[in-house]
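Asks: Just dropping this structure here.
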Amino acid sequence: MFNFLSSTIFHQHDKTIEKINFFYKKIKQYNELELKQQTNKLKYDINHKQININELLPEAFATAKEAIRRATGLTLFKVQILGAIILHYGNIAEMKTGEGKTIVAMLPAYLNALLEKGVHIITVNDYLGKRDAKLAKQIFDYLDLKVGLVHPSMNYINRKIQYNYDITYITNSELGFDYLRDNMCIEKNEIVQREFYYGIIDEVDSILIDEARTPLIISGTTEFNSNKYIKAKEISENLINKIDYEIDEKAKNIFLTEKGVIQCEKNLKIQNLYHIQNEWIKYIINALKAKEIFLKNREYIIKNNQIIIVDEFTGRIMEGRRWSDGLHQAIEAKESINIQSENKTLASITYQNLFLLYPKLSGMTGTAKTEETEFNKIYKLSVIEIPTNKKCERQDLPDLVYKSEYNKWKAIANECFDMYQIGRPTLIGTTSIEKSELLAEMLDKLSVPYNLLNAKPENITREAEIITNAGQRYAITISTNMAGRGTDIILGGNPNAMTKIAITSYILKQYNNKNTKENLNIYKCAYIDELLQHMTINFFNKDVTKEKIHNYIDKMINNTNLNSKESLKNYDIYKKILNKHVILCEQEKHKILKIGGLYVIGTERHESRRIDNQLRGRSGRQGDKGSSRFFLSLQDNLFRIFGGEKIEKLMNTLIIDNNTPIESIVLSQSLNSAQKKVESYFYDIRKQLFEYDEVINNQRQAIYKERQKILQSMFIRDCIIEYGENTIDEMLQVYNKQNIIKKQKILQQIFKLLNITTDFNFAEIIDMDFKEIKIFLYEQLRITYDLRESYLEQLRPGLIRKLEKYYLLQQIDQTWQEHLEKMNLLKEYIGWRSYGQKDPLVEYKNEAFNLFINMVTSIRQTVVYLMMRSRLIINI
Numbered sequence: 022m023f024n025f026l027s028s029t030i031f032h033q034h035d036k037t038i039e040k041i042n043f044f045y046k047k048i049k050q051y052n053e054l055e056l057k058q059q060t061n062k063l064k065y066d067i068n069h070k071q072i073n074i075n076e077l078l079p080e081a082f083a084t085a086k087e088a089i090r091r092a093t094g095l096t097l098f099k100v101q102i103l104g105a106i107i108l109h110y111g112n113i114a115e116m117k118t119g120e121g122k123t124i125v126a127m128l129p130a131y132l133n134a135l136l137e138k139g140v141h142i143i144t145v146n147d148y149l150g151k152r153d154a155k156l157a158k159q160i161f162d163y164l165d166l167k168v169g170l171v172h173p174s175m176n177y178i179n180r181k182i183q184y185n186y187d188i189t190y191i192t193n194s195e196l197g198f199d200y201l202r203d204n205m206c207i208e209k210n211e212i213v214q215r216e217f218y219y220g221i222i223d224e225v226d227s228i229l230i231d232e233a234r235t236p237l238i239i240s241g242t243t244e245f246n247s248n249k250y251i252k253a254k255e256i257s258e259n260l261i262n263k264i265d266y267e268i269d270e271k272a273k274n275i276f277l278t279e280k281g282v283i284q285c286e287k288n289l290k291i292q293n294l295y296h297i298q299n300e301w302i303k304y305i306i307n308a309l310k311a312k313e314i315f316l317k318n319r320e321y322i323i324k325n326n327q328i329i330i331v332d333e334f335t336g337r338i339m340e341g342r343r344w345s346d347g348l349h350q351a352i353e354a355k356e357s358i359n360i361q362s363e364n365k366t367l368a369s370i371t372y373q374n375l376f377l378l379y380p381k382l383s384g385m386t387g388t389a390k391t392e393e394t395e396f397n398k399i400y401k402l403s404v405i406e407i408p409t410n411k412k413c414e415r416q417d418l419p420d421l422v423y424k425s426e427y428n429k430w431k432a433i434a435n436e437c438f439d440m441y442q443i444g445r446p447t448l449i450g451t452t453s454i455e456k457s458e459l460l461a462e463m464l465d466k467l468s469v470p471y472n473l474l475n476a477k478p479e480n481i482t483r484e485a486e487i488i489t490n491a492g493q494r495y496a497i498t499i500s501t502n503m504a505g506r507g508t509d510i511i512l513g514g515n516p517n518a519m520t521k522i523a524i525t526s527y528i529l530k531q532y533n534n535k536n537t538k539e540n541l542n543i544y545k546c547a548y549i550d551e552l553l554q555h556m557t558i559n560f561f562n563k564d565v566t567k568e569k570i571h572n573y574i575d576k577m578i579n580n581t582n583l584n585s586k587e588s589l590k591n592y593d594i595y596k597k598i599l600n601k602h603v604i605l606c607e608q609e610k611h612k613i614l615k616i617g618g619l620y621v622i623g624t625e626r627h628e629s630r631r632i633d634n635q636l637r638g639r640s641g642r643q644g645d646k647g648s649s650r651f652f653l654s655l656q657d658n659l660f661r662i663f664g665g666e667k668i669e670k671l672m673n674t675l676i677i678d679n680n681t682p683i684e685s686i687v688l689s690q691s692l693n694s695a696q697k698k699v700e701s702y703f704y705d706i707r708k709q710l711f712e713y714d715e716v717i718n719n720q721r722q723a724i725y726k727e728r729q730k731i732l733q734s735m736f737i738r739d740c741i742i743e744y745g746e747n748t749i750d751e752m753l754q755v756y757n758k759q760n761i762i763k764k765q766k767i768l769q770q771i772f773k774l775l776n777i778t779t780d781f782n783f784a785e786i787i788d789m790d791f792k793e794i795k796i797f798l799y800e801q802l803r804i805t806y807d808l809r810e811s812y813l814e815q816l817r818p819g820l821i822r823k824l825e826k827y828y829l830l831q832q833i834d835q836t837w838q839e840h841l842e843k844m845n846l847l848k849e850y851i852g853w854r855s856y857g858q859k860d861p862l863v864e865y866k867n868e869a870f871n872l873f874i875n876m877v878t879s880i881r882q883t884v885v886y887l888m889m890r891s892r893l894i895i896n897i
């Protein structure tokens with residue numbers, strides 16, 4: 022692997038890029054068949070000539086580059102090829118927004134797919150996975166490679182097919198859940214994933230950093246009492262902040278004061294709230310968290326009478342996800358929604374340990390340098406900054422800090438009004454749904470039209486349209502978090518998106534559809550209107566929808582629907598409208614650049630500098646002009662938690678007016694310092710989670726390996742005999758240390774466990790030496806098992822083999838789930854050991870080891886007992 026620690030890295034790859042361009046000139050002359058044959062030729066070089074894929078990189082990249090040109094009309098820049106090389110060698114490529122990261126991933130994906138081990142491209146959400154897989158299919162059709170896409174609604178048969186394709190697009194959560202489900206399978210054919218080989222992670226910081234605080238959990242329901250949640254909610258409503266409880270905003274936690282404890286004990290009519298047998302404390306703390314920390318339209322929304330989590334980093338809703346440990350139920354009680362049962366962990370894994378399963382891993386993002394240390398320490402990934410194709414012209418203006426939040430929002434609304442008057446496109450990034458709707462109301466009063474993008478269902482469906490059109494003149498776009506949106510804001514508008522919108526709006530209008538109202542600007546053009554009049558649309562049925570029209574246009578664009586005169590005519594009209602939009606958008610772009618380009622407004626500093634940089638990065642794409650500015654107030658969370666009082670005293674001393682903002686480099690530096698502290702705090706949380714999960718990860722690997730061995734094995738009898746012998750060994754170790762009376766009791770237990778019914782003389786056995794007893798018991802185990810096998814085979818041929826697999830897997834899964842519960846409790850309580858001057862992590866490792874040994878012993882003994890002694894009722 023290359024050493025990418027200095028800027029000379031870019032010069033190191035000049036020769037490689039020259040070789041790529043040399044092959045590219047040659048491959049560019051190939052016809053379609055010759056280009057397709059390149060894949061087989063390269064595979065032959067790997068399999069028969071034993072050529073290393075690193076040596077094939079120039080030719081493979083040149084082949085993929087030509088396929089990209091033919092499929093999309095785009096010729097890759099030198100910096101994009103450089104980014105692809107960085108990815109191939111297992112690093113993180115930091116490429117700014119608009120530099121074409123999606124296309125860059127195609128090159129290393131193609132090269133590594135030649136090994137036929139499967140390449141995974143991991144995205145942050147289904148929308149991006151679907152979009153990128155669609156583009157990849159168009160490109161890799163030229164190269165005779167199959168592209169798969171895994172989405173949540175797929176059954177395991179289709180998932181298996183998709184995973185077996187050369188390149189598979191999948192979200193991080195689906196990948197993790199499939200891994201866990203595969204290791205809970207009862208039959209070998211239910212396993213969907215191949216062994217992991219190479220993963221390319223899009224928005225790598227979002228997945229490996231932001232998501233890594235929460236483990237992936239597959240859970241099952243348990244019995245519960247909803248009355249406790251309701252009672253806890255009633256008690257929490259009567260408790261007063263700073264009197265009965267204290268809020269730790271940094272840790273998002275709540276602690277009861279002495280007064281609060283007394284009040285709770287009085288309401289519950291109990292003596293000790295913290296008694297070991299009393300579980301009320303959990304319910305009350307969760308009720309207080311629901312009341313104070315987890316707020317509606319910020320951390321969650323209510324949809325279809327259900328609590329749906331909102332991702333704090335991307336602003337997207339996370340359907341199907343639930344908070345654990347009773348928190349979700351506490352929020353359901355708070356909102357008076359039907360309380361669903363609590364979950365029991367069936368299987369879990371952290372993102373850190375999931376992605377460390379890949380022998381080769383790489384990633385790409387626009388913002389990774391701030392987390393470089395973490396990437397290196399935990400994932401052994403280096404972050405390489407790729408220069409932009411054109412110099413960034415964006416101007417990042419100093420922050421403006423207001424005394425009150427009200428004045429801040431008033432200033433932002435006025436700034437939007439001013440930008441709208443001059444026609445400058447403006448993107449406003451907010452941190453919650455509540456704040457985005459507040460600004461929307463203020464703009465309504467100022468009669469400023471806008472587009473709103475937040476987690477509310479009515480807004481999220483138009484995400485791609487809103488973002489792609491946010492670069493038009495007079496476009497004011499309010500968005501809740503911009504991380505991982507994956508859609509570029511193109512100045513003047515996106516011609517492809519605008520053509521689609523124009524055709525869709527026209528068709529919907531013709532069918533008198535009520536949902537034709539759009540805030541999106543469609544350029545008024547008589548030529549386009551005339552072209553639309555000539556489109557044939559009579560084949561659409563009455564219940565026409567946007568989705569159906571979009572599907573039709575997509576098929577038309579990809580030449581898959583040109584089987585009639587009407588379709589050919591529509592395609593010709595589509596091309597003419599698109600060409601006209603290209604001209605109109607380019608004209609608009611020049612006008613926008615004259616007034617300063619895209620203006621990005623941040624309304625609050627995020628806990629992480631990366632999220633702020635992602636918002637800023639929406640402006641100044643591909644060398645365009647642009648600017649960004651953050652409007653802040655002393656009541657913002659970051660100021661409140663990290664010393665806003667000192668600045669407020671300074672403002673009062675200087676007698677600064679509420680409407681007058683402070684613009685200070687010192688202030689910006691103190692904010693950066695606060696953000697670094699928060700980042701460091703969350704890094705410590707992730708590091709601790711990783712260290713603790715590393716303990717259970719070793720156990721998880723051992724258990725999953727045993728399960729795989731059982732699933733793959735055709736003859737499991739040997740495994741049962743091995744379990745029996747191990748059980749005998751363990752019991753004989755205890756036997757060896759006992760007196761004669763206790764020795765006889767242990768022998769009786771062994772006989773009972775192995776179902777040995779022959780009347781042996783225990784005194785004679787006790788007189789044998791240790792080795793003889795061991796051999797004797799081994800023989801009895803085999804004899805008894807042979808008799809049992811013979812008996813069951815007579816009842817039903819093949820039954821014994823099915824029973825062996827069933828009992829083994831059932832006991833492994835059941836005992837592992839119980840073990841996970843014990844490990845969760847251990848992790849929760851082990852921290853108290855620090856008060857005894859003991860390292861909690863060391864104590865956790867020791868206790869976890871003992872629990873694991875007990876679990877393995879329990880599995881063996883139970884499986885042997887069930888195989889030897891269980892009674893079967895055969896219905897004939």
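The numbers in the sequence shown follow the numbering used here, run straight up by one, and end at 897.
All C-beta atoms, glycine included, are put in the ideal place defined by N, C-alpha and C.
On the criterion of 16 or more Cβ atoms from any shown chain inside 10 Å, does Lys-412 qualify as buried, or is it exposed?
Replies: Here the question's residue 412 lines up with position 391 in the sequence shown. Burial call: exposed.
Asks: Just reading off the alpha helix (DSSP H) that Ala-366 is part of, what are its end residues?
Replies: Residue 366 sits at position 345 when you count from the first residue of the sequence shown. Residue 366 is actually Thr in this sequence, not Ala. That residue, Thr-366, is in no alpha helix (DSSP H); its beta strand (DSSP E) goes 364 to 370.
Asks: Nearest to Asn-410 by alpha carbon, out of Leu-872, Tyr-850, Leu-97, Ile-821?
Replies: To locate residue 410, count along the sequence shown from 1; it is residue 389. Taking only the C-alpha atoms, the option nearest Asn-410 is Leu-97.
Asks: According to the Cβ coordinates, are Ile-598 and Leu-529 closer than 7 Å?
Replies: Taking the first residue of the sequence shown as position 1, residue 598 is located at position 577. Taking the first residue of the sequence shown as position 1, residue 529 is located at position 508. Cβ atoms of Ile-598 and Leu-529: not closer than 7 Å.
Asks: Mind checking which residues open and close the alpha helix (DSSP H) that includes Tyr-869?
Replies: Indexing the sequence shown from 1 puts residue 869 at position 848. Residue identity check: residue 869 is Ala in the sequence provided, not Tyr. Segment 861 to 890, the alpha helix (DSSP H) holding Ala-869.
Asks: Any idea what DSSP makes of His-109, helix, strand or coil?
Replies: Counting from one through the sequence shown, the residue named residue 109 turns up at place 88. Residue state, collapsed to three classes: helix.
Asks: How should Val-863 be labelled, buried or exposed, when 16 other C-beta atoms within 10 angstroms of its C-beta is the threshold for buried?
Replies: Start at 1 with the first residue of the sequence shown, and residue 863 comes out as number 842. It is exposed - the Cβ of Val-863 has fewer than 16 other Cβ atoms within 10 Å.
Asks: Can you tell me where the beta strand (DSSP E) with Ser-500 in it begins and where it stops?
Replies: Taking the first residue of the sequence shown as 1, we reach residue 500 at position 479. That run of the beta strand (DSSP E) goes 497 to 501.
Asks: Taking Glu-455 as the reference, give the member of Asn-475, Gln-838, Asp-705 with the closest Cα.
Replies: Here residue 455 is taken as the residue at index 434 of the sequence shown, counted from 1. Of Asn-475, Gln-838, Asp-705, the residue nearest in Cα terms is Asn-475.
Asks: Spatial neighbours of Lys-381 within its chain, please: CB distance less than 7 Å, with the 5 preceding and 5 following residues excluded, ordered by chain position.
Replies: Along the sequence shown, one-based indexing puts residue 381 at 360. The answer, listed in chain order, is Gly-111, Tyr-218, Tyr-219.
Asks: Quick one: any contact between the region 820 to 839 and the region 872 to 887, if contact means 3 or more CB pairs under 8 Å?
Replies: In short, these stretches touch, since the Cβ pair count reaches three.
Asks: Using the C-alpha atoms, what's the distance from Asn-719 back to Gln-815?
Replies: Counting from 1 along the sequence shown, the entry for residue 815 is found at position 794. Counting from 1 along the sequence shown, the entry for residue 719 is found at position 698. Roughly 42 Å between the two C-alpha positions.
Asks: Below 8 Å, how does it come out for the region 837 to 850 and the region 364 to 376: are there three or more Cβ pairs, yes or no?
Replies: The region 837 to 850 is in contact with the region 364 to 376.
Asks: Would you call Pro-470 buried or exposed, if buried means 16 or more other Cβ atoms sit within 10 Å of its Cβ?
Replies: Translated into the one-based positions of the sequence shown, residue 470 becomes position 449. When all chains shown are included, Pro-470 counts as exposed.
Asks: To the nearest whole angstrom, what separates the beta carbons of Ala-518 and Asn-490, a pair I think is in contact under 8 Å?
Replies: By 1-based counting over the sequence shown, the position of residue 518 is 497. By 1-based counting over the sequence shown, the position of residue 490 is 469. That belief holds up - the Cβ atoms of Ala-518 and Asn-490 are roughly 6 Å apart, short of 8 Å.
Asks: By how many angstroms is the C-alpha of Ser-383 removed from the C-alpha of Phe-396?
Replies: Taking the first residue of the sequence shown as position 1, residue 396 is located at position 375. Taking the first residue of the sequence shown as position 1, residue 383 is located at position 362. Cα to Cα, the separation comes out at about 11 Å.
Asks: Under the rule that 16 or more other beta-carbon atoms within 10 Å means buried, what is Arg-661, buried or exposed?
Replies: For the purposes of this step, residue 661 is taken as the residue at position 640 of the sequence shown. Answer is exposed; the Cβ neighbour count stays below 16.
Asks: Within a Cβ cutoff of 7 Å, which residues of the same chain sit near Ile-915, ignoring the five residues on either side of it in sequence?
Replies: Residue 915 lies beyond the range of the chain shown here (22 to 897); nothing can be said about it.
Asks: Measure the C-alpha to C-alpha separation of Glu-300 and Leu-309 and round it to an integer number of angstroms.
Replies: Taking the sequence shown and counting its residues from 1, one reaches residue 300 at position 279. Taking the sequence shown and counting its residues from 1, one reaches residue 309 at position 288. Straight-line Cα distance between these residues: approximately 15 Å.
Asks: Considering Lys-181, what are the terminal residues of the alpha helix (DSSP H) in which it resides?
Replies: Reading the sequence shown from its first residue, position 160 is the one you call residue 181. Here the alpha helix (DSSP H) through Lys-181 covers 177 to 184.
Asks: Take the Cβ of Ser-357 as the centre, count every other Cβ of all protein chains shown within 10 Å, and call the residue buried at 16 or more, exposed below.
Replies: Here residue 357 corresponds to residue number 336 of the sequence shown, with the count starting at 1. Exposed: under 16 other Cβ atoms inside 10 Å.
Asks: If you compare alpha carbons, which of Asn-274, Lys-567, Arg-342 is closest to Glu-313?
Replies: As a working mapping, residue 313 is identified with position 292 in the sequence shown. Looking at the Cα atoms, Asn-274 is the closest of the given residues.
Asks: Around the Cβ of Val-755, are there at least 16 other Cβ atoms within 10 angstroms (buried) or fewer (exposed)?
Replies: Taking the first residue of the sequence shown as position 1, residue 755 is located at position 734. The residue in question, Val-755, is exposed, as its Cβ has fewer than 16 Cβ neighbours within 10 Å.
Asks: Per DSSP, what kind of secondary structure is Ser-425 in: helix, strand or coil?
Replies: On the sequence shown, residue 425 is found 404 positions in, with the first residue counted as 1. Ser-425: coil per DSSP, three-state reduction.
Asks: Along the chain, where does the beta strand (DSSP E) containing Asp-564 start, and where does it finish?
Replies: Position 543 of the sequence shown holds residue 564. First-last for Asp-564: undefined, no H or E at that position.
Asks: Are the CB atoms of Gly-150 and Arg-215 nearer to each other than 7 Å?
Replies: Taking the first residue of the sequence shown as 1, we reach residue 150 at position 129. Taking the first residue of the sequence shown as 1, we reach residue 215 at position 194. Their beta carbons are not under 7 Å apart, which means Gly-150 does not touch Arg-215 by this criterion.
Asks: Please confirm whether Tyr-812 and Asn-204 have their CB atoms less than 7 Å apart.
Replies: Here residue 812 corresponds to residue number 791 of the sequence shown, with the count starting at 1. Here residue 204 corresponds to residue number 183 of the sequence shown, with the count starting at 1. Against a cut-off of 7 Å, the Cβ pair of Asn-204 and Tyr-812 comes out as no contact.
Asks: My understanding is that Tyr-163 touches Ala-92, with C-beta atoms under 8 Å, so please give their C-beta distance in whole angstroms.
Replies: By 1-based counting over the sequence shown, the position of residue 163 is 142. By 1-based counting over the sequence shown, the position of residue 92 is 71. Tyr-163 to Ala-92, Cβ: 6 Å. Contact.
Asks: Give a yes or no on whether 7 Å exceeds the smallest Cβ distance from Phe-98 to chain B.
Replies: Here chain B cannot be found, since the structure has a single protein chain.
Asks: What three-state label does DSSP hand Asn-374 in the structure shown?
Replies: As a first step, residue 374 is located in the sequence shown; it is residue number 353 there, counting from the start. Looking at Asn-374 - three-state DSSP - the assignment turns out to be helix.
Asks: Could you check if Tyr-702 is buried or exposed, using at least 16 other CB atoms within 10 Å of its CB as the buried criterion?
Replies: Position 681 of the sequence shown, counted from the first residue, corresponds to residue 702. So Tyr-702 ends up on the exposed side.
Asks: Does the count of Cβ pairs from the region 222 to 233 and the region 170 to 184 closer than 8 Å reach three?
Replies: The region 222 to 233, when compared against the region 170 to 184, does not touch it at the 8 Å Cβ threshold.
Asks: Cα-Cα, which of Val-100, His-109, Leu-128 is closest to Met-116?
Replies: Your numbering for residue 116 matches position 95 in the sequence shown. Taking only the C-alpha atoms, the option nearest Met-116 is Val-100.
Asks: Assign Arg-445 to one of three DSSP states: helix, strand, or coil.
Replies: For the purposes of this step, residue 445 is taken as the residue at position 424 of the sequence shown. Three-state result, Arg-445: coil.
Asks: At which residues does the beta strand (DSSP E) containing Arg-650 begin and terminate?
Replies: Stepping through the sequence shown from its first residue, residue 650 is reached at position 629. Counting along the chain, the beta strand (DSSP E) containing Arg-650 begins and ends at 646 to 654.
Asks: On the CB-based measure, 16 or more other CB atoms within 10 Å of its CB, does Gly-852 come out buried or exposed?
Replies: The sequence position of residue 852 within the sequence shown is 831, counting from 1. Answer is exposed; the Cβ neighbour count stays below 16.
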